[in-house]
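K.L.:
Quick one: structure below, then a few questions.
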Amino acid sequence: MPTRQKTLMYSGAFLTSVASFVILCVVLGTQRWMDSEVRFSGVNSTTAVSLTYGLFRGTCTQFISAGLQVPESSFQVAEALSSAETKSINTAIIVLLVLSLLSSLLSSGFTCTNAVSNPYQTFLGPIGVYTWNAICGILTLTVMILFPVNIGKKMSVELAITCTSASMTHTRSEHRYEYSYWILLLSIIFNVATIIIIFFYDHARYSKKKEQERPIEKASKDGILF
Numbered sequence: 115m116p117t118r119q120k121t122l123m124y125s126g127a128f129l130t131s132v133a134s135f136v137i138l139c140v141v142l143g144t145q146r147w148m149d150s151e152v153r154f155s156g157v158n159s160t161t162a163v164s165l166t167y168g169l170f171r172g173t174c175t176q177f178i179s180a181g182l183q184v185p186e187s188s189f190q191v192a193e194a195l196s197s198a199e200t201k202s203i204n205t206a207i208i209v210l211l212v213l214s215l216l217s218s219l220l221s222s223g224f225t226c227t228n229a230v231s232n233p234y235q236t237f238l239g240p241i242g243v244y245t246w247n248a249i250c251g252i253l254t255l256t257v258m259i260l261f262p263v264n265i266g267k268k269m270s271v272e273l274a275i276t277c278t279s280a281s282m283t284h285t286r287s288e289h290r291y292e293y294s295y296w297i298l299l300l301s302i303i304f305n306v307a308t309i310i311i312i313f314f315y316d317h318a319r320y321s322k323k324k325e326q327e328r329p330i331e332k333a334s335k336d337g338i339l340f
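If you use our numbering, the sequence shown corresponds to residues 115 to 340, in order.
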C-alpha cells in the first residue's frame, strides 16, 4: 500500500489531471472560439457579416447597408471552408485536441493508479505522469498557435462568404477570441500543476531515501576503521 503522503500528492495530481481532461472536453464541445465581423463592399452597397464559430459549427448574421438584417443562419465549418489549407489546419487542430484529450485521460489513470497502489513498472510512476502531461501541454499549446494561424489565412472570410448572397469584395475584418479558445490556457496550467506536484513528491521521497542511507554509510565506515 502507498504511504499517506504519496496518496495525498497523487490524489492532488489526479484532480488536476481530471480538470485538464474536463476542460478539453468543454473546448471540443463548445463552439465559441471566435467572434468575427467581416465587411464586404459591392457596387451599390456594403455588407457586414457577424460570425460566431468553433471547430465544427457556427452561426452568422448578415447586415446590409440599407438597414436590412438577414435572419441568423448556421453552417458547418468543414463544409463552409473553401481552401484546402484552412480545412487541413482545422482538421489538424481537431486531431491534436483529441490526442491531448487521450494524454490527459492517461495522466488521470496513472495518477489514480499511484494514489491507491505501488506499481512495479517504472513508466507507470512519475516518468509516465511527466510524459503524458508534457505531451498534453505541448499539443494544447500547438493548438493555440495553429488556430490564430488559420485566422490569418482568412478563415473568417471564407466562412462569411457562405452567408452572403452576392459576389462582393472583402474590405476588412475584426476578430475577438472567445472563451472556448482561452480556456486552453487553463488546461496547460493544470498540466504544469500536475508535473510540479509529482516533482515535489518525487524530490521529497528521494531526499528521504538519501537521509536513510547516510547512517548505513557511516556505520560501514566506522566498521572499516575499527
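We treat Cβ as the ideally placed atom computed from N, Cα and C, and that holds for glycine.
Say whether the segment 120-132 touches the segment 234-242, bearing in mind that this needs 3 or more beta-carbon pairs closer than 8 Å, one atom from each stretch.
P.N.:
Judged by Cβ distances under 8 Å, the segment 120-132 makes no contact with the segment 234-242, as fewer than three pairs qualify.
K.L.:
Can you say whether Phe128 is buried or exposed, counting buried as having 16 or more other CB atoms within 10 angstroms of its CB?
P.N.:
Along the sequence shown, read from residue 1 onward, the residue named residue 128 stands at position 14. Under this definition Phe128 is a buried residue.
K.L.:
In or out: Pro185 buried (at least 16 other Cβ within 10 Å) or exposed?
P.N.:
Here residue 185 refers to the residue found at position 71 of the sequence shown. Exposed is the call here.
K.L.:
Let's see if you can read the secondary structure: which residues bound the alpha helix (DSSP H) around Thr191?
P.N.:
By one-based count along the sequence shown, residue 191 stands at place 77. Looking at the sequence shown, residue 191 is not Thr but Val. Here the alpha helix (DSSP H) through Val191 covers 191-194.
K.L.:
Just the C-alpha distance for Ala162 and His284, rounded to the nearest angstrom, thanks.
P.N.:
Here the question's residue 162 lines up with position 48 in the sequence shown. Here the question's residue 284 lines up with position 170 in the sequence shown. Rounded to the nearest angstrom, the two C-alpha atoms are 10 Å apart.
K.L.:
How close, in whole Å, do the beta carbons of Met148 and Tyr244 come, if the pair is a contact with beta carbons under 8 Å?
P.N.:
On the sequence shown, residue 148 is found 34 positions in, with the first residue counted as 1. On the sequence shown, residue 244 is found 130 positions in, with the first residue counted as 1. That pair is no contact at about 33 Å.
K.L.:
Taking just the CA atoms, how far does Gln176 sit from Ile252?
P.N.:
Position 138 of the sequence shown, counting from 1, holds the residue named residue 252. Position 62 of the sequence shown, counting from 1, holds the residue named residue 176. Taking the straight line from one Cα to the other gives about 38 Å.
K.L.:
Pick from Ser294, Leu220, Ser164, Glu272: whose alpha carbon is nearest that of Thr97?
P.N.:
Outside the displayed range of the chain (115 to 340) lies residue 97, so it cannot be described from this structure.
K.L.:
Can you find the residues in the same chain that come closer than 7 Å, C-beta to C-beta, to Leu255, ignoring five residues on each side of it along the sequence?
P.N.:
Start at 1 with the first residue of the sequence shown, and residue 255 comes out as number 141. So the list reads Ile302, once near-sequence residues are dropped.
K.L.:
If you follow the beta strand (DSSP E) that Ile178 is in, where does it begin and where does it stop?
P.N.:
For this step, residue 178 is matched to residue 64 along the sequence shown. Note, Ile178: beta strand (DSSP E), 171-178.
K.L.:
Determine the closest residue to Ala206 out of Thr173, Asn264, Glu151, with distance taken between C-alpha atoms.
P.N.:
What you label residue 206 is simply residue 92 of the sequence shown in a count that begins at 1. Among Thr173, Asn264, Glu151, the Cα nearest to that of Ala206 is on Asn264.
K.L.:
Taking 8 Å as the limit between beta carbons, can you name the residues of its chain near Gln145, skipping five residues before and five after?
P.N.:
Position 31 of the sequence shown, counted from the first residue, corresponds to residue 145. Cβ within range, chain order: Thr166, Tyr167, Gly168, Leu169, Phe170, Arg171, Gly172, Ser294.
K.L.:
Can you tell which of Trp246, Val152, Gln119 has the C-alpha that lies nearest to the C-alpha of Ser218?
P.N.:
Sequence index remark: in the sequence shown, residue 218 carries index 104 (1-based). Residue Trp246 is the option with its Cα nearest to Ser218.
K.L.:
Please report the residue range of the alpha helix (DSSP H) in which Ser125 lies.
P.N.:
As a working note, residue 125 is residue 11 in the sequence shown. Run containing Ser125: 118-143, per the alpha helix (DSSP H) assignment.
K.L.:
How is Pro185 classed by DSSP in three states: helix, strand or coil?
P.N.:
One-based indexing of the sequence shown puts residue 185 at position 71. Strand at Pro185.
K.L.:
Starting from Phe154 and walking both ways along the beta strand (DSSP E), at which residues does that stretch end?
P.N.:
Numbered from its first residue, the sequence shown carries residue 154 at position 40. Where Phe154 is concerned, the enclosing beta strand (DSSP E) stretches over 148-155.
K.L.:
Using the three-state DSSP reduction, which class does Phe340 fall into: helix, strand or coil?
P.N.:
Taking the sequence shown and counting its residues from 1, one reaches residue 340 at position 226. Note that Phe340 scores 44 on pLDDT, short of 50, meaning its location in the model is unreliable; the coordinates nonetheless yield the value given after this. Note: Phe340 maps to coil in three-state DSSP.
K.L.:
If you count every other CB in all the chains shown that lies within 10 Å of the CB of Gly242, and 16 or more means buried, which is it?
P.N.:
Numbered from 1 along the sequence shown, position 128 holds the residue referred to as residue 242. The residue is buried, with at least 16 neighbouring Cβ atoms inside 10 Å.
K.L.:
Distance, Cα to Cα, Leu299 vs Glu272?
P.N.:
Working through the sequence shown from its first residue, we reach residue 299 at position 185. Working through the sequence shown from its first residue, we reach residue 272 at position 158. If you take the alpha carbons of Leu299 and Glu272, they lie about 27 Å apart.
K.L.:
Taking all protein chains shown into account, do 16 or more other C-beta atoms lie within 10 angstroms of the C-beta of Asp336, making it buried, or fewer, making it exposed?
P.N.:
The residue you call residue 336 lines up with position 222 of the sequence shown. Caution applies to Asp336, whose pLDDT of 48 falls short of 50 and renders its modelled position unreliable; the value that the coordinates give is listed next. Exposed is the call here.
K.L.:
Spatial neighbours of Lys267 within its chain, please: CB distance less than 8 Å, with the 5 preceding and 5 following residues excluded, ordered by chain position.
P.N.:
Reading the sequence shown from its first residue, position 153 is the one you call residue 267. Excluding positions up to five away in sequence, the list reads Ser197, Glu199, Thr200, Ile203.
K.L.:
Tell me whether Glu288 sits in a helix, a strand or coil according to DSSP, three-state version.
P.N.:
The count along the sequence shown starts at 1 and reaches residue 288 at position 174. The answer is strand: DSSP assigns Glu288 an E or B state.
K.L.:
Look up Thr161 in the DSSP assignment and give the residues it is bridged to.
P.N.:
Residue numbering aside, residue 161 sits at position 47 when the sequence shown is read from its first letter. In DSSP, Thr161 forms a bridge with Phe154, Ile178.
K.L.:
Rounded to whole angstroms, what's the CA-CA distance from Leu289 to Met269? Just pull it up for me.
P.N.:
Counted from its first residue, the sequence shown places residue 289 at position 175. Counted from its first residue, the sequence shown places residue 269 at position 155. Note on identity: in this sequence residue 289 is His, with Leu being the wrong assignment. If you take the alpha carbons of His289 and Met269, they lie about 11 Å apart.
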